[in-house]
Every structure is written in C-alpha cells, then in structure tokens.
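Numbering (this note's numbering), first residue to last: 752 to 969.
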Amino acid sequence: MAEAEKIRILIVDDIADTRDNLAKLIGFEPDMEVAGTADGGQAAVNLAKKERPHVILMDINMPDMDGITATEIISNTVPESPIIMMSVQGEQDYLRRSMLAGAREFLVKPFSADELINAIRHVHELEKVKRARYAQAAPAAAAPANPLAAAPGARQSGQIITFFSPKGGVGRTTIATNLAVALHQSTQKPVVLVDGSLPFGDIAVILNMSPKAKTIAD
Numbered sequence: 752m753a754e755a756e757k758i759r760i761l762i763v764d765d766i767a768d769t770r771d772n773l774a775k776l777i778g779f780e781p782d783m784e785v786a787g788t789a790d791g792g793q794a795a796v797n798l799a800k801k802e803r804p805h806v807i808l809m810d811i812n813m814p815d816m817d818g819i820t821a822t823e824i825i826s827n828t829v830p831e832s833p834i835i836m837m838s839v840q841g842e843q844d845y846l847r848r849s850m851l852a853g854a855r856e857f858l859v860k861p862f863s864a865d866e867l868i869n870a871i872r873h874v875h876e877l878e879k880v881k882r883a884r885y886a887q888a889a890p891a892a893a894a895p896a897n898p899l900a901a902a903p904g905a906r907q908s909g910q911i912i913t914f915f916s917p918k919g920g921v922g923r924t925t926i927a928t929n930l931a932v933a934l935h936q937s938t939q940k941p942v943v944l945v946d947g948s949l950p951f952g953d954i955a956v957i958l959n960m961s962p963k964a965k966t967i968a969d
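See below:
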C-alpha cells in the first residue's frame, strides 16, 4: 500500500513502555504508521492540531490533563481525528464520560493486538464513510433551492440509519450514539435515537439521561 494511504496514528499515554508497545504492534501492520506520541493530554492536543492523525489512541488517566478532557478538546478542534479511549477501568461511568467527550471506541486494558488493530480499522473506516457522506451532501446544499421544497409548511424527508449485528458486544450502541450526537452537532437538527432492545437498551445510561415520560417498552 502506498505510503500516503497508511493510517496515521497518534499514541497518547503517560507510560513510556505502553507507548513503545503500542508503536510496535502498529509497526507490524503494513497499512499503518505512528504519526507521533504524547505523554499527556495537553501534548496530545498540540500534536493532534499539528499532525491531523487519522486515529488517536488516548489513555484516560494522565497527570497533566486527563484523556477525557483532551478528547473533548480534540473532538471540537480536530473532529476528523477519531479517538479510541484506553483505560484499565471498564466501569460504565468511564465509558459514558468517554463517549460524551467524543470518543469513538473504548478499549479496556489489557487488550489483545487483534482488538487494538480491529478497533483502529473500525473507527478509521467509519470516519471515511462520514467524510464521503459529507462530501456528497455538500453539492446538494450548495445547489439552488427548489421553490416547492422551500414552500412554507413543506415537510422535509428524513433519513433512517440502522446499526445491526446478531452478535452482542460489538459496539452498536456506542456507534449509534456517537453518530446521533455528531449528526445533531453538524446539522443542528433534531435526531431521534431508538434502541431496538426496548427492555434492555443502555443508550440512556451512556447519555446520562432518564425518560421524562413512559418509554416505548412501557
């Protein structure tokens, strides 16, 4: 694969051995390369702005600026660089806070090389799809408006995006939640997020929300 096509990855962790080990695992992949390393959140923010990596591996606990704070800043300033959060804590609260900050994936340490590489490829592909959709939408937005479509009271058609997998624990809720939040932020329009697992869905937990009325399951 051509050098320009490689997935460029920024590694952020305050432990040097961890940074080295992650760099070695990435080095085994012919289509990936390390764009840089940082030992803290502030350094990660600065490097992300400079290098514009395709994917960022972010540790959650760091002394100067924690990974959640750094993720929130980078998600707002370098939104084209998706972030994979890494943590020894796998509690729901850490996952929820990471997703709200803008992380696309959450890996609990220790994780295998396959889990790492698969997560990198996954978030990179999602970002490519998102960019392609934005590129397709841009010409339509710039085209002259249809007078009929712009008529007062006219109803605009929506779009339904479905995430499905017969296997549990593959990240459907995480992906769907992140996409819904991103769509709302980019379009400033209402987005409806529905968890098909009505009695057992955990989207409300990730978003730290509780129903104000009866749910569909009720």
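Ideal Cβ positions, reconstructed from N, Cα and C, are used throughout, including at glycine. Computed from a predicted structure; not experimentally measured.
{"query": "Check whether A852 and S826 have beta carbons under 8 Å apart", "result": "yes"}
{"query": "E856 (DSSP reduced to helix, strand or coil)", "result": "strand"}
{"query": "Unbroken alpha helix (DSSP H) run spanning I926, endpoints", "result": "923 to 938"}
{"query": "Start-to-end residues for the beta strand (DSSP E) that takes in I766", "result": "Segment: none, I766 is in no beta strand (DSSP E) and carries neither H nor E."}
{"query": "Selected residue, minimal CA-CA separation from A955, among T938, P941, Q936, T928", "result": "T928"}
{"query": "Integer-rounded CB distance, given that V874 should sit under 8 Å from I835", "result": "6 Å"}
{"query": "For I809, the residue or residues it bridges with in DSSP", "result": "The sequence as given places Met at residue 809; Ile does not occur at that position. Paired residue(s): V763, M836."}
{"query": "Segment contact flag, the segment 817 to 825 with the segment 771 to 783, C-beta cutoff 8 Å, min 3 pairs", "result": "no"}
{"query": "Environment of A767 [buried if 16+ CB atoms lie within 10 Å]", "result": "exposed"}
{"query": "Buried/exposed call for R884, threshold 16 Cβ in 10 Å", "result": "exposed"}
{"query": "For I911, three-class secondary structure by DSSP", "result": "coil"}
{"query": "Top-ranked residue by Cα proximity to G787, from Q793, E802, D946", "result": "E802"}
{"query": "Nearest residue (CA-CA) to S838, options I871, E866, A799, F857", "result": "F857"}
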